[in-house]
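S.K.: Below are the structure tokens for one structure; questions will follow.
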Amino acid sequence: MRRRLLIQVLAVAALPLFAVPVFSAGEGGGGGAGGGGGDGSQTTQCKKGKIWDKKLKKCVAPKHGMLDDDNIYEAGRALAMAGRYDEAIAVLSLAADKKDPRILNYLGYSHRHSGRVTVGLGYYEEALRIDPDYTLVREYLGEAHLQIGDLAGAREQLREIEKRIGKGSREYGMLSEQIDRFMKS
């Protein structure tokens, strides 16, 4: 009962986060968020307290369970990338699948960037237990190790990324750059 009440409270608190979904080219998936061209380049604006329903193609009052985990992931990731970490955590916590590595990854990212590095490490480790080949998690985990001064841990993640997808990958390049910066500081 308490868990259900907490989820409902978080859902209500998260409503303003979905009030103005903005999609640029290449984001938000196929069908187009704002109707029209289908390329996602238009902006759909909903009044506060309403969210965009892709199926109905209109703004609607949200109902418990109406957002699937993919929409929760997309919204949570966007909030995290925008630096709105506590809001991202609130949204990502609404996911039904608590073992989705994507959700765990951005929960870790958001906690880490909020200064709760140890909490973030736990989410990253859980994501890797589920999908050891998820190299974006490994990149972020390496960065978290650097935040706590653990160069060896960061290098270990860099080796794991190299083993899985090579030195030419984005993840390898990003973590390698962070390690170089750490060593120069």
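Add 6 to the 1-based position in the sequence shown for our numbering, that's all there is to it. All C-beta atoms in this analysis are idealised placements derived from N, C-alpha and C, irrespective of residue type, glycine included.
1. Is K63 helix, strand or coil by DSSP?
2. Using 8 Å for Cβ pairs, my map puts A86 next to A94. What's the rounded Cβ distance?
3. Look up Y115 in the DSSP assignment and say whether it is helix, strand or coil.
4. Report back the beta-carbon spacing between L98 and G82 to the nearest angstrom; my notes put them in contact at under 8 Å.
5. What separation, rounded to the nearest whole angstrom, lies between the Cα atoms of V123 and K60?
6. With respect to the alpha helix (DSSP H) encompassing L127, which residues constitute its N-terminal and C-terminal limits?
7. I need the boundaries of the alpha helix (DSSP H) containing Y140, first residue and last residue.
8. Is G71 helix, strand or coil by DSSP?
9. Let's see if you can read the secondary structure: which residues bound the alpha helix (DSSP H) around L98?
10. Output the distance between the C-alpha atoms of G172 and L152, rounded to the nearest integer angstrom.
11. Provide the residue span of the alpha helix (DSSP H) that contains D186, from first to last.
12. Between A88 and chain D, is there a C-beta pair that is closer than 8 Å?
M.R.: Short version:
1. coil
2. 4 Å
3. helix
4. 4 Å
5. 35 Å
6. V123 to I136
7. From DSSP, Y140 is part of no alpha helix (DSSP H); its letter is neither H nor E.
8. coil
9. Y91 to L98
10. 21 Å
11. R176 to K190
12. In the structure shown, chain D does not exist; there is a single protein chain.
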